[in-house]
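Worksheet: the structure to be examined is printed underneath.
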Amino acid sequence: MTDYAIGDIQGCYDRLRDVLAKVDFSPSRDRLWVAGDLINRGPASLETLRYIERLGDSAVVVLGNHDLHLLAVALGGHRPKRKDTLHDILEAPDHDRLIHWLRQQRLCVFDAERNLLMAHAGLPHIWSVEQAVTCAREVERVIRSEEAGDYFSQMYGNQPERWCDTLRGMDRWRVITNYFTRMRFIAGDGRLELATKEAADHSPAGFAPWFSYPRQDDVRVVFGHWAALEGNTGSDRFIGLDTGCVWGGALTMMNLDSGEKIHCDCG
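Numbering (full-length UniProt numbering), first residue to last: 1 to 267.
Listed below in structure tokens is the structure:
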């Protein structure tokens, strides 16, 4: 069995099948780790979602901001945005099953044997792996519960700016969600700067890329979300797999054992 991790697919179903064909991927033999943003902005969000869902236990999925946006539209009363490509999912006959499946997915996954954590936006330096997993499980329980509608109706927003153990309710859940699915630049005290989407060398004053801060462990982190990085973090520990497929870049997949990266040009 080979485990592969893949960056933001965002509904680019044909490119997904192309890159999987390059390694002769077989769900009976291999597993696909998906670093969030399965859907949206690309041309085939429904086909992509159905394919990953059909992989069953051969898929290890974390939720990205675009996946949460679909749930916010479906469950939280939000309207699709002008550039969204979610209509086919919302109108699909298997809509309810797909939404239910998406709600069961994680915000982060930790593989202790590999000492590897996967989260859509990354892992803030202010959290240990144990704390990150605990925070993720807390919000996952809300997403799966009868409180999900209220959570998704209030999910959007940049406040609170940073984590505090004393936070409760929606403020607590929102900042956890933002660390896992929207983070790029962060301050030393954990404050998030969520407006800037440029590359790592465009840090706003007082902030730096989340992966530039020292950690007290040697965990490796697989993430997506930050297309402007083009996969470059300057460290083998922090593995960026969003290489801008939906924007005409490439779809990138990595063999988690060998470290080999496989690319499919999306231009």
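The C-beta atom is built at its ideal place from N, Cα and C for all residues, glycine as well.
* Identify the continuous beta strand (DSSP E) that holds Thr181 and give its terminal residues. => Indexing the sequence shown from 1 puts residue 181 at position 181. Unbroken run through Thr181 is the alpha helix (DSSP H), 169 to 181; no beta strand (DSSP E).
* Asked: Expressed to the nearest angstrom, what Euclidean distance is found between the alpha-carbon atoms of Glu193 and Ser128?
  -> For the purposes of this step, residue 193 is identified with residue 193 of the sequence shown, where counting begins at 1. For the purposes of this step, residue 128 is identified with residue 128 of the sequence shown, where counting begins at 1. Each residue's Cα considered, the two are about 21 Å apart.
* Please state whether DSSP places Thr252 in a helix, a strand or coil. => Sequence index remark: in the sequence shown, residue 252 carries index 252 (1-based). In this structure, Thr252 counts as strand in the three-state DSSP scheme.
* To do: Spatial neighbours of Arg15 within its chain, please: CB distance less than 8 Å, with the 5 preceding and 5 following residues excluded, ordered by chain position.
  => Residue numbering aside, residue 15 sits at position 15 when the sequence shown is read from its first letter. The residues are Ile9, Cys245, Leu251, Cys264, Cys266.
* Asked: Taking the C-alpha atoms as reference points, what is the distance between Gly234 and Asp67?
  -> Position 234 of the sequence shown holds residue 234. Position 67 of the sequence shown holds residue 67. Spanning the two alpha carbons is a distance of roughly 28 Å.
* Burial state of Glu47 (16 or more Cβ within 10 Å) -> Here residue 47 refers to the residue found at position 47 of the sequence shown. Glu47 is buried by the Cβ-count criterion.
* What residue does the beta strand (DSSP E) around Asp67 start on, and which one ends it? -> Here residue 67 corresponds to residue number 67 of the sequence shown, with the count starting at 1. Counting along the chain, no beta strand (DSSP E) covers Asp67; the unbroken alpha helix (DSSP H) around it starts and ends at 65 to 75.
* To do: Mind checking who Glu193 pairs with in its DSSP beta bridge?
  => Here residue 193 is taken as the residue at index 193 of the sequence shown, counted from 1. Partner(s): Phe185.
* From Arg162 to Asp37, what does the alpha carbon distance come to, in whole angstroms? -> Locating residue 162 in the sequence shown gives position 162, counting from the first residue. Locating residue 37 in the sequence shown gives position 37, counting from the first residue. For Arg162 and Asp37, the gap between their C-alpha atoms comes out near 23 Å.
* Asked: If you draw a straight line from the alpha carbon of Gly149 to that of Gly206, how long is it in whole angstroms?
  -> If you number the sequence shown from 1, residue 149 lands on position 149. If you number the sequence shown from 1, residue 206 lands on position 206. Using only the alpha carbons, I get a separation of about 36 Å.
* Reference Arg237; option with closest CA among Asp218, Val61, Val19 -> Along the sequence shown, read from residue 1 onward, the residue named residue 237 stands at position 237. Checked all of Asp218, Val61, Val19; the closest Cα to Arg237 is Asp218.
* Asked: Just to confirm, are His225 and Asn65 a CB contact at a threshold of 9 Å?
  -> Working through the sequence shown from its first residue, we reach residue 225 at position 225. Working through the sequence shown from its first residue, we reach residue 65 at position 65. Against a cut-off of 9 Å, the Cβ pair of Asn65 and His225 comes out as a contact.
* My guess is that Val62 and Leu90 are in contact by the Cβ rule of under 8 Å, so how many angstroms apart are they, rounded? -> On the sequence shown, position 62 is the one that residue 62 refers to. On the sequence shown, position 90 is the one that residue 90 refers to. With a Cβ gap of about 22 Å, Val62 and Leu90 do not count as contacting.
* With DSSP run on the structure shown, which of helix, strand or coil describes His225? -> Locating residue 225 in the sequence shown gives position 225, where the first residue counts as 1. His225: coil per DSSP, three-state reduction.
* Within 10 angstroms of the Cβ of Cys108, are there 16 or more other Cβ atoms? Answer buried if so, exposed if not. => Here residue 108 is taken as the residue at index 108 of the sequence shown, counted from 1. The residue is buried, with at least 16 neighbouring Cβ atoms inside 10 Å.
* Hey, could you find the ends of the alpha helix (DSSP H) Lys22 is sitting in? => Within the sequence shown, numbered from 1, the residue matching residue 22 stands at position 22. That run of the alpha helix (DSSP H) goes 13 to 22.
* To do: With a 10 Å radius around its C-beta and 16 neighbouring C-beta atoms as the bar for buried, classify Gly190 as buried or exposed.
  => Residue numbering aside, residue 190 sits at position 190 when the sequence shown is read from its first letter. Buried.
* Asked: How would you label Leu1, buried or exposed, when you count the other beta carbons within 10 angstroms and need 16 or more for buried?
  -> Position 1 of the sequence shown, counting from 1, holds the residue named residue 1. As written in the sequence, residue 1 is Met, which differs from the Leu given in the question. Exposed, by the Cβ-count rule.
* Whole-number beta carbon distance between Gly122 and residue 268, since they are thought to touch under 8 Å -> The first residue shown for the chain is 1 and the last is 267, placing residue 268 beyond what the model contains.
* To do: Could you pull out every residue in the same chain whose Cβ sits closer than 7 Å to the Cβ of Phe110, ignoring the five residues on either side in sequence?
  => Mapped onto the sequence shown, residue 110 falls at position 110. Cβ neighbours of Phe110 beyond the five flanking positions: Leu117, Val129, Val133.
* If you measure from the CB of Gly77, is any heavy atom of the ligand NAP nearer than 8 Å? -> Of ligands this structure carries none, so the ligand NAP is not represented either.
* Asked: Apart from the five residues on each side of it in sequence, which residues of its chain come closer than 6 Å, Cβ to Cβ, to Ile143?
  -> Taking the first residue of the sequence shown as 1, we reach residue 143 at position 143. Answer for Ile143: Arg103, listed in chain order.
* List the DSSP bridge partners of Cys108. => What you label residue 108 is simply residue 108 of the sequence shown in a count that begins at 1. The partner list for Cys108 (beta bridge, DSSP) reads Ala119.
* With which residues is Phe238 paired in a DSSP beta bridge? -> By 1-based counting over the sequence shown, the position of residue 238 is 238. Answer is Val221, bridged to Phe238.
* Asked: Should Ala195 go down as buried or exposed, given a rule of 16 or more other Cβ atoms within 10 Å for buried?
  -> Translated into the one-based positions of the sequence shown, residue 195 becomes position 195. By the neighbour-count rule (16 or more Cβ atoms within 10 Å), Ala195 is not buried but exposed.
* To do: Could you pull the start and end residues of the alpha helix (DSSP H) that Val139 belongs to?
  => Position 139 of the sequence shown holds residue 139. Its alpha helix (DSSP H) spans residues 129 to 144.
* To do: With Leu32 as the anchor, note down where its beta strand (DSSP E) starts and where it stops.
  => Taking the first residue of the sequence shown as position 1, residue 32 is located at position 32. Unbroken beta strand (DSSP E) run through Leu32: 31 to 34.
* To do: In angstroms with no decimal places, state the Cα-to-Cα distance between Val60 and Ile52.
  => The residue you call residue 60 lines up with position 60 of the sequence shown. The residue you call residue 52 lines up with position 52 of the sequence shown. For Val60 and Ile52, the distance between alpha carbons rounds to 9 Å.
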